[in-house]
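Peer 1: Mapped onto mature numbering (1 follows the signal peptide of the UniProt record, and there is no 0), the consecutive letters of the sequence shown carry residue numbers -24 to -1, 1 to 137. We put the beta carbon where it would ideally sit given N, CA and C, even for glycine. Keep in mind the model is a prediction, meaning the values are calculated, not measured. Okay, handing you the structure first.
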Amino acid sequence: MPPSGPSAALLLLPPLLLLRAVLTVPLERGASKEESPATESPDTGLYYHRYLQEVINVLETDGHFREKLQAANAEDIKSGKLSRELDFVSHHVRTKLDELKRQEVSRLRMLLKAKMDAEQEPSVQLDHLSLLKQFEHLDPASEKKDPEQPPKLPQPDSQHL
């Protein structure tokens, strides 16, 4: 299972910040004020490019972190020095980052499951309901805290055997 929480954010931050520094375009003052269509940042070719962009956008909503990011040089980003600032982002930003991570992990798990099914037998159609049921425990809306829960946890895993 991939690391989660602050340690995972610390692992993700240096590449994100490096990507942010590379993709930043300086503003030209005094240039013609033509309206140009909004351009998205160039595709990095990474399969998680969209996720990186979303994380960067969320981090930039925190004023304190944005200031530190703009003041940081490339060496601070590469060394991970800037990642210590993640401890000081607002609760709202941390919550949004956690939600983005949950969505990305869910997307990757579904892709992996679909790939494994396709490799096992090409003629097998993916049953999305059973796939979603396997990851039901990840849905925060379905969390039920009761004393009987721990003994029930292994049951869904052993039913398919």
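So, is D52 buried or exposed, given that buried needs 16 or more other C-beta atoms within 10 angstroms?
Peer 2: It counts as buried.
Peer 1: Would K44 and E61 qualify as a contact pair, given that the criterion is a beta-carbon distance under 9 Å?
Peer 2: Taking 9 Å as the Cβ cut-off, K44 and E61 qualify as a contacting pair.
Peer 1: Quick check: what's the CA-CA separation for S66 versus D38?
Peer 2: Going from the Cα of S66 to the Cα of D38 covers about 7 Å.
Peer 1: Of the residues V34, G56 and K89, which one's Cα is nearest the Cα of E75?
Peer 2: That would be V34, whose Cα lies nearest to the Cα of E75.
Peer 1: With a threshold of 6 Å on Cβ separation, who are the neighbours of D27 within its own chain once the five nearest residues in sequence on each side are excluded?
Peer 2: Reading the sequence as shown, one finds Tyr at residue 27 and not Asp. Cβ within range, chain order: E80.
Peer 1: Would DSSP call D63 helix, strand or coil?
Peer 2: In this structure, D63 counts as helix in the three-state DSSP scheme.
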